[in-house]
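Only one structure is covered here, and it is reproduced in the block below.
Residue numbers (the working numbering): 1 to 289.
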């Protein structure tokens with residue numbers, strides 16, 4: 001437990017530093033750590049699947065590393081072909097690698113390589129979309145709004161997990177999904193969602209008093225959004241557990257002592273962040289913005 005807490009505090013310090021950079025408007029800085037995270041996550045997936053094709057793993061990691069910068073700097077505008085053509089070409093490349101090394105490569109390895117190099121950086125790319133809301137909709141969002149919304153996604157991913165752990169350890173009696181994650185309970189899940197709502201609304205009240213000028217975001221929106229994002233974040237956590245169980249692994253890696261690998265810590269966030277962005281876009285569409 002001591003190692004787990006120390007590692008968690010170090011990770012929290014890094015996250016706070018990145019949020020400070022975001023709040024100060026240092027745009028391009030974030031694509032570097034996001035690229036590193038994506039590449040490590042892609043490697044962890046290939047490792048867990050016991051893929052022996054080093055070329056396939058390397059190509060997946062490169063694709064994952066480039067993905068966040070591709071979104072952050074909008075590199076598509078400099079490429080003369082549509083993104084769909086690039087994706088199709090990339091899929092064909094992975095299939096050719098499979099054919100070249102078919103004796104030690106399964107189709108599931110190609111599918112996981114594709115997931116690791118496109119889905120993971122794509123999910124992290126929504127971080128930049130939320131960060132730039134103040135640029136795309138300056139009449140609706142401030143920079144402080146963007147930092148707050150990103151922080152809410154982190155709450156719904158990580159604070160929800162923390163609250164669920166402590167509440168479930170104390171009051172958990174009904175298993176949430178015994179065949180996927182035996183230690184998770186319904187009581188813990190409810191506690192996690194309530195904890196996320198408390199943290200998100202509490203942070204909103206502080207930010208609304210000291211930082212917000214525009215009143216685009218309301219407390220009830222934050223509360224409702226926190227419930228939805230927290231639930232989907234838990235689904236992301238369970239989905240990652242399914243992948244590990246399919247390959248007989250407990251953790252994706254051991255980069256973070258007491259916590260596992262990058263994907264063990266990012267699984268909820270990889271769903272929470274895109275869901276939050278989707279909620280914001282749906283809200284803007286309904287409001288006709």
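Built from N, CA and C at the ideal position, the CB exists for glycine as well. Since the model is a prediction, treat every value here as computed from it, not as a measurement.
Burial state of residue i, where buried means 16 or more other Cβ atoms lie within 10 Å
i, result
"residue 270", "buried"
"residue 40", "buried"
"residue 121", "buried"
"residue 44", "buried"
"residue 246", "exposed"
"residue 254", "exposed"
"residue 252", "buried"
"residue 89", "exposed"
"residue 288", "exposed"
"residue 168", "buried"
Residue j beta carbon less than 8 Å from that of residue i
i, j, result
"residue 157", "residue 197", "no"
"residue 210", "residue 187", "no"
"residue 110", "residue 86", "no"
"residue 164", "residue 192", "yes"
"residue 117", "residue 64", "yes"
"residue 219", "residue 205", "yes"
"residue 67", "residue 125", "yes"
"residue 174", "residue 181", "no"
"residue 56", "residue 105", "yes"
"residue 268", "residue 248", "no"
Residue i versus the options, residue with shortest Cα-Cα distance
i, options, result
"residue 199", "52, 188, 275 and 162", "162"
"residue 123", "72, 90 and 286", "72"
"residue 37", "50, 54 and 69", "69"
"residue 160", "33, 266, 286 and 283", "266"
"residue 119", "175, 225, 184 and 273", "273"
"residue 194", "150, 226 and 103", "226"
"residue 49", "84, 95, 107 and 80", "107"
"residue 215", "114, 52 and 145", "145"
"residue 243", "147, 98, 133 and 115", "115"
"residue 250", "52, 34 and 241", "241"
"residue 264", "35, 128, 42 and 30", "42"
"residue 276", "129, 260, 51 and 59", "129"
"residue 52", "127, 113, 81 and 153", "113"
"residue 281", "140, 155 and 179", "140"
"residue 283", "83, 213, 217 and 154", "217"
"residue 291", "61, 97 and 147", "Missing from the structure shown is residue 291; the chain here goes from 1 to 289 and no further."
"residue 213", "142, 286 and 176", "142"
In DSSP terms, what residue i is bridged to
i, result
"residue 256", "260"
Give the list of continuous alpha helix (DSSP H) stretches no shorter than 4 residues that lie fully inside the region 111-143. 120-131 and 133-136
Would you mind listing the beta strand (DSSP E) stretches within the region 148-225 that are 3+ residues and don't spill past its ends, in chain order? 175-177 and 181-185
Inside the region 35-115 only - alpha helix (DSSP H) runs reaching at least 4 residues: 54-72, 83-100 and 107-114
What ranges does the beta strand (DSSP E) occupy inside the region 229-253, keeping only unbroken runs of at least 3 residues that lie completely in it? none
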